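Numbering (our numbering), first residue to last: 32 to 559.
Cβ atoms here follow ideal geometry from the backbone N, Cα and C, with glycine treated the same way.
The structure presented is a predicted model; accordingly, all values stated were derived computationally and were not measured.
Only one structure is covered here, and it is reproduced in the block below.
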């Protein structure tokens with residue numbers, strides 16, 4: 032008697048072949064389950080289709096059911112882990128459970144490349160560096176050419192100064208492959224994303240979700256000179272080009288490659304390198320000079336051991352953002368970096384406030400407000416979760432920035448967006464006692480992400496949705512203009528109208544449409 036597993040009926044075979052059309056695949060799966068509720072292949076197809084549609088909780092339930100009946104299916108454990116990671120994108124507990132399922136899959140199948148790759152991506156999101164390094168070495172033991180493992184090791188080793196080892200892994204990662212395609216499950220806009228091999232890329236996970244966009248991630252500065260023309264000629268067709276390299280201080284070489292590419296391209300480029308150059312800390316004050324109601328402290332680059340200007344000042348390591356490494360310092364600079372005159376921004380109630388706005392197509396959208404008891408303000412260490420009064424103030428800022436900080440202050444923020452002239456950027460700032468805006472930094476590297484829907488910051492997701500919807504709208508307008516669906520004048524009229532009303536209705540409509548798409552699937556991680 033044969034022990035071979037019988038082939039699935041034709042309808043299920045068709046369903047698996049139709050996963051690029053997940054609604055049809057889901058209909059086939061549910062019809063098969065109706066006929067025979069015990070069929071695991073129907074349950075598996077249902078999970079895969081739900082995952083492709085962004086119905087992650089339904090996908091999780093389906094994959095759990097398959098594993099409960101057949102716990103030795105390592106591939107299903109990987110699918111469950113990925114669905115958990117997508118559904119719980121901002122919930123560490125869900126991410127940790129996903130990591131455990133990936134380790135379970137690897138215990139069953141130590142050579143399972145998909146499990147290794149997913150675990151590496153997940154641990155990088157959890158910022159568990161020790162576990163990430165261990166996972167990378169384990170992956171390379173089974174596949175010495177795994178790009179993701181070499182890439183993460185290059186970043187980890189470079190970050191702790193092992194430059195020779197980092198260079199080895201960097202070459203291994205990108206010597207053979209520079210283009211990574213993350214295909215959306217259905218027909219979708221195709222975006223060529225220009226990335227650098229360093230740490231200065233814009234975080235794109237939520238701006239360009241894999242459920243809505245097919246991403247062609249190209250590590251442009253890793254292309255050897257002798258292969259430049261051939262690699263450009265071989266790029267797949269795409270609808271838009273986005274420069275995701277946002278850090279001119281650290282990525283000068285990569286931005287030079289982007290400028291070279293743009294000079295030979297007929298397609299419009301979002302966030303062109305020339306507009307990024309003035310966001311360097313030492314150039315920002317001059318770039319924003321003349322804007323009313325604004326204070327931009329002058330910043331000076333310093334070498335290690337150099338004396339700083341007289342007076343109270345701040346030291347920041349080269350390329351650091353978000354307060355990383357920022358100290359009030361009185362002696363020689365401890366390492367290469369920047370020094371900036373310190374302005375006291377303590378409010379009358381004793382708190383220190385740091386506001387963040389995101390510029391989409393030059394229009395500001397409020398993103399968050401952190402209120403701390405010390406001058407060094409980090410959002411997640413400011414104690415906001417334990418202070419409902421401070422969260423209520425943040426909610427008021429997100430709902431109506433001009434009322435929260437003053438109409439003249441918000442007008443100054445809007446003027447900064449116009450002066451930066453970037454398609455995507457952000458600004459951190461405070462409000463001084465006289466109502467003027469104190470600028471901390473303004474650049475293209477700031478992250479936007481949703482919050483856990485059942486957490487203390489869930490109220491922020493409406494504002495996040497407006498930002499993501501505005502980004503979607505900007506890309507749609509650029510695509511339409513390029514395709515000739517609307518003329519340049521019509522596109523300009525729409526853009527002007529958005530600038531006047533901050534796109535509130537567009538954002539609300541798009542947010543409603545993409546409800547449930549706030550969590551996005553993991554894609555190939557190349558620094559963005």
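According to the DSSP assignment, residue 113 belongs to the alpha helix (DSSP H) that extends over 105-118. Here residue 445 is near residue 394, since their CB atoms are less than 9 angstroms apart.
In this structure the region 245-263 lies against the region 202-213, because at least three pairs of beta carbons, one per stretch, are closer than 8 angstroms. In the DSSP annotation of this structure, residue 220 is not part of any beta strand (DSSP E), being labelled neither H nor E. The beta carbon of residue 216 sits closer than 8 angstroms to those of 50, 51, 53, 83, 84, 242, all from its chain and outside the five residues before and after it, given in chain order. For residue 89, the enclosing alpha helix (DSSP H) stretches over residues 87-100.
Residue 468 has 325, 462 as its beta-bridge partners, per DSSP. Proximity of the region 259-277 to the region 286-297 meets the contact definition, three or more beta-carbon pairs being nearer than 8 angstroms. In summary, residue 183 is buried, with 16 or more beta-carbon neighbours lying within 10 Å of its beta-carbon over all protein chains present.
Annotation for residue 212: 247 place their beta carbon closer than 6 angstroms to its own, counting only its chain and skipping 5 residues before and after. Residue 406 sits in coil when the DSSP states are folded into three classes, being neither helix nor strand.
Here the alpha carbon of residue 499 sits roughly 13 angstroms from the alpha carbon of residue 491.
Under the criterion of beta carbons closer than 8 angstroms, residue 482 and residue 489 qualify as touching, at roughly 6 angstroms.
Excluding its 5 nearest sequence neighbours in each direction, residue 200 has C-beta neighbours in its own chain below 6 angstroms: 181, 184, 185, listed in chain order.
In this structure residue 386 is in contact with residue 436, their Cβ atoms being roughly 7 angstroms apart against a cut-off of 8 angstroms.
Closest by C-alpha distance to residue 443, out of 390, 418, 88, is 390.
Under the DSSP assignment, residue 372 falls in the beta strand (DSSP E) whose first and last residues are 368-372.
The way I'd put it, the region 216-230 doesn't touch the region 167-175; fewer than three beta-carbon pairs between them come closer than 8 angstroms. Listed in chain order, the non-local C-beta contacts of residue 326 below 8 angstroms within the same chain comprise 374, 463, 467, 468, 469, 470, local neighbours out to five positions each way being set aside. A residue is called buried once 16 or more other Cβ atoms fall within 10 Å of its Cβ, and residue 161, having fewer, is exposed.
Counting of Cβ neighbours within 10 angstroms places residue 103 among the exposed residues, the total staying below 16. In the DSSP assignment, the residues bridged to residue 384 are 402. DSSP, read as helix, strand or coil, puts residue 447 in helix. C-alpha of residue 465 to C-alpha of residue 432: approximately 17 angstroms in a straight line. Shown here, residue 254 sits in coil according to DSSP, grouped into three states, outside any helix or strand.
Counting along the chain, residue 211 sits inside the beta strand (DSSP E) bounded by residues 210-213. Rounded to the nearest whole angstrom, the C-alpha separation of residue 192 and residue 229 is 14 angstroms.
For residue 139, the enclosing alpha helix (DSSP H) covers residues 123-139. In this structure, residue 93 and residue 74 form a Cβ contact; the two beta carbons are roughly 5 angstroms apart against a cut-off of 8 angstroms. Here residue 154 has 162, 163, 166 as same chain residues with Cβ atoms under 6 angstroms from its own Cβ, once five neighbours each way along the sequence are excluded. Taking a contact as a CB-CB distance under 8 angstroms, the pair residue 234 and residue 478 counts as one, their CB atoms being some 4 angstroms apart.
Inclusion of residue 397 and residue 376 in the CB contact set at 9 angstroms is not warranted, their separation being larger than that value.
Residue pairing of residue 330 in beta bridges, as defined by DSSP: 371. Note that the C-beta distance between residue 114 and residue 147 is not below 9 angstroms. For residue 348, the enclosing beta strand (DSSP E) covers residues 344-348.
Exclusion of the five residues before and after residue 450 leaves 318, 319, 322 as the residues of its chain whose Cβ lies within less than 8 angstroms of its Cβ.
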